[in-house]
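Quick mapping for you: the protein sequence lines, in order, are chains A and W.
Take 1 as the starting number for the first sequence in full-length UniProt numbering and just add one per residue.
Take 1 as the starting number for the second sequence in full-length UniProt numbering and just add one per residue.
Even glycine gets a Cβ: it sits at the ideal position worked out from N, Cα and C.
All remarks here apply to the structure that follows.
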Amino acid sequence: MKRFAYDFERPLVQLETKLDEMKRLESAEKEDIAADICYLEEQIQKLRMRTYSKLTTWQKVQLARHPDRPKMVDYIEAIFTDFIELHGDRAFKDDSSITGGFARLDDEKVMILGHQKGRNTKENIAWNFGMPNPEGYRKAIRIMRLADKFGLPLITFVDTPGAHPGIGAEERGQAVAIAESIMELSQLKVPVIVSVIGEGGSGGALAIGFGDRIIMLENSYYSVITPEGCASILWDGEVSAERAAEVLGLTADKLLELGLVDTIVKEPLGGAHHAPALVARNLKKEIVSALDELKAVGKESLADKRYEKLRSIGHYAEPIKTLTK
Amino acid sequence: MPIGDWFKKEQKDDAQSAEKRAVPDGVWEKCPGCNEALFIKELERNHMVCSKCDYHFPISAQQRIDNLTDHGSFEELWAEMHSEDPLHFIGVKAYTMSLDKAKKTTGLQDAAVCGRALIDGRRVVLGVIDFKFIGGSMGAVVGEKITRTIELATAEEIPVITVSSSGGARMQEGMISLMQMAKTSAAVARHSAAGLPYISVMANPTTGGVTASFATLADIIIAEPRALIGFAGPRVIEQTIKQKLPKDFQTAEFNLQHGQIDMIVDRANMKRTISRIIDYMGS
């Protein structure tokens with residue numbers, strides 16, 4: 001099977017393909033090439049280190065979008081049991097680019113909610129590449145309210161290039177649907193734990209993308225605008241998205257430094273898809289520990305604490321005299 | 001988020017109208033809506049609205065405040081707050097240069113002008129966004145000032161009014177800007193939970209992160225005639241769906257027809273309309 005690879009990964013994939021061939025030859029016992037295989041494996045290991053140990057911002061964005069990267073569906077299977085999926089916004093339709101429902105996190109009853117990106121073309125078309133329409137956000141609001149009503153902690157997964165830009169989306173109030181979803185999140189009296197697992201694209205991500213704890217996978221990104229959008233607007237398309245990605249400060253480590261996210265979950269060299277089970281296990285550990293901490297916070301003060309957290313996001317200057325007004 | 005879309009269009013329109021204007025500066029103004037040459041004094045008396053075709057000229061935050069509040073009642077707050085360029089952002093030019101230029105042309109420290117005011121003798125807190133300041137975009141300063149505006153209204157148990165004209169979140173402050181959407185929305189939630197009135201006025205254009213946060217969370221949403229209102233920019237939508245957009249797409253009239261706003265009110269009647277609505281809202 002031909003493997004997907006970005007340009008910067010190609011030399012490595014070529015070597016790996018060669019190794020596969022040699023192993024096939026060896027197992028057919030046509031030639032004794034054990035020494036060659038061993039040598040090649042060493043070379044691959046070195047090249048893998050060189051390729052992945054110092055990723056540029058753009059390369060991280062690429063990994064965040066990697067078609068093989070684990071998706072919401074994979075994490076549902078790996079982290080939770082007894083998932084009961086819920087559907088529909090009770091007004092227009094069921095938008096499957098957002099999914100959610102009841103689930104168990106070990107013994108804990110929770111509500112999960114997230115953007116659905118597909119694992120293949122068929123799923124991606126059915127799920128609109130994880131780009132919700134207003135009805136998706138209205139479904140999200142329904143699920144949030146259910147979580148609140150029945151005291152279930154809300155665990156969200158963010159993975160979207162952005163809200164769907166389209167005529168119907170505007171007609172049905174894309175902006176207000178996102179705004180109301182954001183407002184709903186801010187008021188919930190249950191713990192809200194957010195995991196950014198791939199792309200965190202703009203307002204379409206934020207609608208389910210802030211809470212009491214924000215966890216980011218190492219190679220995910222979270223941005224006010226896609227690098228492509230930024231390049232096209234600020235530079236009139238004259239510079240690449242690559243350059244725009246550098247200045248937007250959208251990587252997990254940069255956002256941690258700015259105090260906008262709380263925790264980073266490490267990924268194996270080359271990205272989460274190289275060891276999905278391990279990444280899911282580590283992500284689960286972070287979610288469980290965040291939930292343990294948040295359960296200790298009184299139900300009444302959760303929303304207040306979340307408000308204070310948002311309130312502290314500032315980065316502005318203000319002369320003293322205006323403070324006294 | 002489509003900040004630049006509008007910004008660009010505006011600039012182009014400005015350049016075009018400047019070329020076409022064959023009338024001496026300062027006395028006459030050519031209306032971009034109907035090409036009529038308008039006497040500026042007359043235009044100002046008419047709230048910068050063309051008396052022939054009802055075209056609403058872009059106006060500054062100060063002009064909007066004058067238009068909406070009782071004479072001399074506006075008391076500005078937090079006027080000195082300014083951006084710290086947290087990402088040290090350098091685009092085509094440095095963000096700090098864009099800020100300096102915007103400060104010079106508008107006389108403001110950032111895009112939001114906020115404060116206490118009276119409307120027909122009634123106390124309100126007002127937040128107005130000036131499109132001339134980097135496309136009215138919302139970074140940390142606009143987000144903080146709008147949040148404080150709403151919080152002050154909550155604390156003093158009075159109505160809050162916002163007037164928006166903005167391309168959305170400010171790219172140059174990255175995720176800090178995006179988070180202002182959450183901050184302002186959370187403040188609206190508290191104001192609303194206290195049973196207090198919030199009226200949002202949307203002028204041309206209001207898009208992106210501002211429509212997707214506080215501006216659409218009001219009890220009552222009022223738009224100026226023909227104002228462009230939406231989430232995604234038309235260019236982005238066109239590129240995505242690869243077809244021409246309907247002619248009136250994302251206008252105030254389109255939004256009214258699709259149930260996204262309560263009413264369209266022209267500038268001359270804006271203050272009176274807001275005053276009448278607040279009167280029903282028990283403050």
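(message) Out of 238/A, 14/A, 232/A, 250/A, which one is the CA nearest neighbour of residue 199/A?
(response) 250/A
(request) If I'm right that residue 234/A touches residue 179/W with Cβ under 8 Å, what's the distance once you round it to whole angstroms? (result) The Cβ separation is near 20 Å, so there is no contact.
(request) Using DSSP bridges, identify the partner residues of residue 186/W. (result) DSSP lists no partner for residue 186/W.
(message) Starting from residue 276/A, trace the alpha helix (DSSP H) in both directions and tell me its first and last residue.
(response) 276–296
(message) Beta-carbon within less than 7 Å of residue 147/W's beta-carbon, same chain only, minus the 5 sequence neighbours each way: which residues are those?
(response) Here residue 147/W has 183, 184, 187 as same chain residues with Cβ atoms under 7 Å from its own Cβ, once five neighbours each way along the sequence are excluded.
(request) Could you pull out every residue in the same chain whose Cβ sits closer than 7 Å to the Cβ of residue 181/W, ignoring the five residues on either side in sequence? (result) 169, 209, 212, 213
(request) Just mark residue 143/A as buried or exposed, buried being the case when its beta carbon has 16 or more other beta carbons within 10 Å. (result) If you draw a 10 Å sphere on the C-beta of residue 143/A, you find 16 or more other C-beta atoms in it, and that means buried.
(request) Report the residue ranges of all beta strand (DSSP E) runs contained in full by the region 184–217 of chain A; include only those spanning at least 3 residues, in chain order. (result) 192–201, 213–217
(message) Rounding to the nearest angstrom, what Cα-Cα distance links residue 228/A and residue 160/A in this structure?
(response) 14 Å
(request) Identify every run of the beta strand (DSSP E) within the region 205–253 of chain W, keeping only runs that are complete inside it and at least 3 residues long; order them along the chain. (result) 220–223
(request) Pull up the distance between the alpha-carbon of residue 96/W and that of residue 167/W, whole angstroms please. (result) 19 Å
(request) For residue 57/W, collect the residues of the same chain with a Cβ closer than 6 Å to its Cβ; drop the 5 residues on either side in sequence, then sort them by chain order. (result) 48
(request) Leaving aside the five residues before and after residue 203/A along the sequence, list all residues of the same chain whose C-beta is less than 7 Å from its C-beta, in chain order. (result) Excluding its 5 nearest sequence neighbours in each direction, residue 203/A has C-beta neighbours in its own chain below 7 Å: 163, 178, listed in chain order.
(request) For chain W, find out if any of its Cβ atoms is closer than 8 Å to the Cβ of residue 92/A; answer yes or no. (result) no
(message) Here's the rule I'm using: 16 or more other beta-carbon atoms within 10 Å means buried, otherwise exposed. How should residue 269/A be labelled?
(response) Under this definition residue 269/A is an exposed residue.
(message) Using only the alpha-carbon positions, how far apart do residue 28/W and residue 71/W sit?
(response) Distance between the alpha carbons of residue 28/W and residue 71/W: 27 Å.
(request) May I ask you to list, following chain order, the residues of the region 305–319 of chain A that have a beta carbon less than 9 Å from some beta carbon of chain W? (result) 306, 307, 310, 311, 313, 314, 315, 316, 317, 318, 319
(message) Is it buried or exposed, residue 173/W, if we count other Cβ atoms within 10 angstroms and call 16 or more buried?
(response) buried
(request) State buried or exposed for residue 315/A, treating a residue as buried only when at least 16 other CB atoms are found within 10 Å of its CB. (result) buried
(request) Check the Cβ of residue 6/A against every Cβ in chain W and list those closer than 8 Å, keeping chain order. (result) Chain W residues near residue 6/A: none, gap ~23 Å exceeds 8 Å.
(message) Within the continuous alpha helix (DSSP H) that includes residue 146/A, where are the two ends?
(response) 134–149
(message) If you measure between the beta carbons of residue 291/A and residue 153/A, is that distance less than 8 Å?
(response) yes
(message) Quick check on DSSP: helix, strand or coil for residue 104/W?
(response) Here residue 104/W sits in helix by DSSP.
(request) Could you check what DSSP says for residue 163/A in three-state terms: helix, strand or coil? (result) The answer is coil: DSSP assigns residue 163/A none of H, G, I, E or B.
(request) Take residue 204/W as the anchor and find which of 193/W, 163/W, 102/W has the nearest alpha-carbon. (result) Checked all of 193/W, 163/W, 102/W; the closest Cα to residue 204/W is 163/W.
(message) By the DSSP assignment, the beta strand (DSSP E) with residue 111/A in it spans what residues?
(response) 108–115
(request) Could you name the residues of chain A that residue 57/W contacts, counting a contact when the two beta carbons are closer than 9 Å? (result) Those do not exist, as residue 57/W stays about 25 Å from chain A at its closest Cβ, beyond 9 Å.
(message) With H, G and I counted as helix, E and B as strand and the rest as coil, what does DSSP make of residue 58/A?
(response) helix
(request) Answer with yes or no whether the minimum CB distance from residue 9/A to chain W is below 8 Å. (result) No - not a single Cβ of chain W is within 8 Å of the one on residue 9/A.
(message) Rounded to the nearest angstrom, what separates residue 245/W and residue 235/W at their Cα positions?
(response) A straight line joining the alpha-carbon of residue 245/W with that of residue 235/W spans about 9 Å.
(message) If we define contact as Cβ-Cβ less than 8 Å, is residue 263/W a contact residue for chain A?
(response) no
(request) Whole angstroms is fine: what's the gap from residue 231/W's alpha carbon to residue 134/A's? (result) 11 Å
(message) Strictly below 9 Å CB to CB, what residues from chain A border residue 250/W?
(response) 170
(request) Whole angstroms is fine: what's the gap from residue 102/W's alpha carbon to residue 81/W's? (result) Residue 102/W and residue 81/W have their C-alpha atoms spaced approximately 14 Å apart.
(message) Using only CA atoms, which one of 208/A, 308/A, 90/A lies nearest to residue 111/A?
(response) 208/A
(request) Please classify residue 263/W: is it buried, with 16 or more other beta-carbons within 10 angstroms of its beta-carbon, or exposed? (result) exposed
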